[in-house]
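These notes are about the structure you will find just below.
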Amino acid sequence: MYDHRKLGRELGLFDSDPLIGSGLPYWLPAGAAIRQALERYIAEVERRAGYQQVYSPVLGKRELYEISGHWSKYSDDMYPPMDIGGEQVVLRPSLCPHHALIYRSRAHSYRELPLRISELGGMYRSELSGVLGGLTRVRAIQLNDGHIFCSLDQVAGEVRDALELINQAYRDMGIKAVRYVLSLPSEDAQIGSPDSKYVGDPDSWAQAAGLLKDALDSAGIDYEEALGEAAFYGPKIDIQIEDAAGRESSLSTVQVDFHQPAAFNLEYIGADGNKHRPVMVHRSIVGSIERAVAHLIEVHGGAFPAWLAPVQLVVLPISDAEEKVAADVVRRAVDRGIRVELAHADEGSLGARIRENRHVPFQAVIGAREAAAGLLAIRHRDGQQVEPAPIGEALDEIRGAVDPWVRTASPSQSPSQPQAERADSNRGAL
Ligand SMILES: [Zn+2]
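Start counting the sequence shown at 1; every next residue gets the next number (my numbering).
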């Protein structure tokens, strides 16, 4: 494994500046390309699984977090409020309260449930500067978040589906979970008492933990229990990864929450015509974008899966005579949505340029023969050589290879298909 901070600088992915502040990295173009690919991937995974994406502001009134419980149980991690014209406004510590309000903004029928909303949005954590580093501990976080509002009997299925989405994303990203943890309250938690770390009532907590256990068991997933690691509003499944130094952290999470639906008085009209309270399932497929990309860097070095690679194709003219054809290939690749670069003949010997671009998944060397015949000879970064093909054909081939969805188009390899079909039939308007 690699240290993502060192490699991030070498590959020009991200950096930081003391004038911006610690824990506030910025993304350079190559890093931004990876981040965008990941964000688009998540948006597409979610679309296929029946989520509707929303946007909500990164600020909220202090009162919002008093109602959600963050103010009393989580304020150590929050920034102090800003006083604006007598109103106290806070940088949000989570997206959940906003999503609860989005749900509450419309009346809902049981027919719309499960109602799944998701957002790639900013949240803020007041970390001390001593613990900050690279992309893993930051003060401004871009979170892949999602909330499913559903009836009690839908919870188990939704948790299982969320676990499967996480599984699918890990396969596509080429990363592995080191273990699954069921994070529960500590034994002396005294849930619901004013001094407790946890809000709600013990019965709801036990029920939520039971639902999570059932989902893990029915999915055949081995897990360990961790006492004292629950969120303040409910137990959760944490999916753990390990960094280059062997330190473990949570990337993805699935949580069952009875508290916030009650705190925000959320309702739906049931088949019996009466008002019922939905359950809120919180889930994050890849966690924070910062931590996910840090992990991808450490696992893959610079050799990212083709769909994530900052540059997917490098075009290498052997001499100045092929520069014009090379530029044409680049233009046609750009038109196909391929991230492409031209390594000009005057930038060094062919061998040196190939070495320089060794992490790029596809390399196209253009010599006099290829230029004259209008052919492209593609070389994979593992050294595999493809038969020369007409330029358009070769580029179409690459276009397919850098699209994470081409592979999942066949039914046998598309675990999310049943979800997508079901989602179409019950997708409710917000
Ligand atoms: Zn949440």
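Using N, Cα and C, we set each Cβ at its ideal position, and we do this for glycine too.
Original post:
Could you give the distance in angstroms between the alpha-carbon of V365 and the alpha-carbon of G302?
Top reply: One C-alpha to the other measures close to 21 Å.
Original post:
Are the stretch 270-278 and the stretch 289-306 touching, with three or more C-beta to C-beta distances below 8 Å?
Top reply: Not touching, per the Cβ criterion.
Original post:
Any heavy atom of ligand 3 within a distance shorter than 8 Å of the CB on M78?
Top reply: For the structure depicted, ligand 3 is absent and the ligand set comprises only ligand 1.
Original post:
Any idea if L19 is buried or exposed, counting beta-carbon neighbours within 10 angstroms, 16 or more meaning buried?
Top reply: An exposed status is given to L19, since fewer than 16 other beta-carbon atoms sit within 10 Å of its beta-carbon.
Subject >> Inter-residue Cα distance where the pair is R283 and Y51 >> reply: Taking the straight line joining both Cα atoms gives about 12 Å.
**OP:** Could you work out which residue in A345, W307 and D145 is closest to A321 when comparing CA atoms only?
**Re:** Checking every option, the nearest Cα to that of A321 belongs to A345.
Original post:
Once you ignore the five residues that flank Y268 on each side, which residues in its own chain have a CB closer than 7 Å to its CB?
Top reply: The beta carbon of Y268 is closer than 7 Å to those of H108, S109, Y110, L113, H276 and P278 in its chain, skipping five residues each way along the sequence.
Original post:
Can you list the alpha helix (DSSP H) stretches of 4 or more residues lying completely in the stretch 268-332, in chain order?
Top reply: Within the stretch 268-332, the complete alpha helix (DSSP H) runs of at least 4 residues are 289-300.
**OP:** Would you kindly work out how many angstroms separate the C-alpha atoms of I221 and A215, rounded to a whole number?
**Re:** Pairing I221 with A215, the inter-Cα distance amounts to about 9 Å.
Subject >> Limits of the beta strand (DSSP E) - the one that I237 falls within >> reply: It spans K236 to E242 - the beta strand (DSSP E) in which I237 sits, taken as one unbroken run.
**OP:** Find out if the Cβ-Cβ distance for the pair I141, I117 is shorter than 9 Å.
**Re:** With contacts defined as CB atoms closer than 9 Å, I141 and I117 fail to qualify as a contacting pair.
Original post:
So the beta strand (DSSP E) Y41 belongs to, where does it begin and stop?
Top reply: Element bounds for Y41: not the beta strand (DSSP E) but the alpha helix (DSSP H), P29 to R48.
Subject >> Strand pairing of L128, partner residues [DSSP] >> reply: Bridge partners of L128: none, in fact.
Original post:
What residues does ligand 1 have around it, judged by CB closer than 5 Å to any heavy atom, in chain order?
Top reply: Result: C96 and H282.
Original post:
Taking one C-beta from the stretch 223-236 and one from the stretch 175-193 each time, how about it: are there three or more such pairs within less than 8 Å?
Top reply: Contact holds: three or more Cβ-Cβ distances are below 8 Å.
Subject >> As assigned by DSSP and simplified to three states, the class of S109 >> reply: If DSSP states are grouped into helix, strand and coil, S109 belongs with the strands.
Original post:
Should D172 and P361 be called a contact, given that it needs their Cβ atoms to be closer than 9 Å?
Top reply: Taking 9 Å as the cut-off, the Cβ atoms of D172 and P361 do not count as close.
Subject >> Exposure label - N357; buried when at least 16 CB within 10 Å >> reply: Within 10 angstroms of the beta-carbon of N357 lie 16 or more other beta-carbons, which makes it buried.
Subject >> Supposed close pair R179, A219 - CB separation, criterion 8 Å >> reply: For R179 against A219, the beta-carbon gap comes to about 14 Å, at or over 8 Å, which does not count as contact.
Subject >> Alpha-carbon spacing of Q53 relative to L152, whole angstroms >> reply: Taking the straight line joining both Cα atoms gives about 23 Å.
**OP:** Determine the contact status of L91 and V138, defining contact as a CB-CB distance below 9 Å.
**Re:** The Cβ atoms of L91 and V138 lie no closer than 9 Å to each other.
**OP:** State the Cα-Cα distance for the pair G8 and Y170, rounded to the nearest angstrom.
**Re:** Approximately 21 Å, taken between the alpha carbons.
Original post:
Should Q363 go down as buried or exposed, given a rule of 16 or more other Cβ atoms within 10 Å for buried?
Top reply: By the 10 Å Cβ count, Q363 comes out buried.
Subject >> A409, buried or exposed, once every other Cβ within 10 Å from all chains shown has been counted against 16 >> reply: Unreliable positioning characterises A409 in this predicted model, as indicated by a pLDDT of 47, which lies under 50. A coordinate reading is not provided.
Original post:
By Cβ distance below 7 Å, which residues in the same chain neighbour L11 in space, the five residues on each side in sequence not counted?
Top reply: Shown here for L11: same chain residues with a beta carbon closer than 7 Å to its own, the five before and five after excluded, namely A30 and G302 in chain order.
**OP:** Figure out for me which residue from L120, A373 and L212 has the closest Cα to the Cα of A43.
**Re:** The shortest C-alpha separation from A43 is found at L120.
Subject >> Whole-angstrom distance between S68 and V89, CA atom to CA atom >> reply: Approximately 15 Å between the Cα atoms of the pair.
Original post:
Using CA coordinates, which residue listed in D238, G85, I318 and Y55 is at the minimum distance from K61?
Top reply: The residue from D238, G85, I318 and Y55 with its alpha-carbon nearest to that of K61 is G85.
Original post:
Hey, G210 and G234: beta-carbon distance below 9 Å or not?
Top reply: In this structure, G234 does not lie closer than 9 Å to G210 by Cβ.
Original post:
Taking the C-alpha atoms as reference points, what is the distance between R106 and A100?
Top reply: So the alpha carbons of these two residues sit roughly 11 Å apart.
Subject >> Cβ-Cβ distance between V437 and A208 below 9 Å >> reply: The requested residue 437 does not occur in the structure, where the chain is confined to residues 1 to 430.
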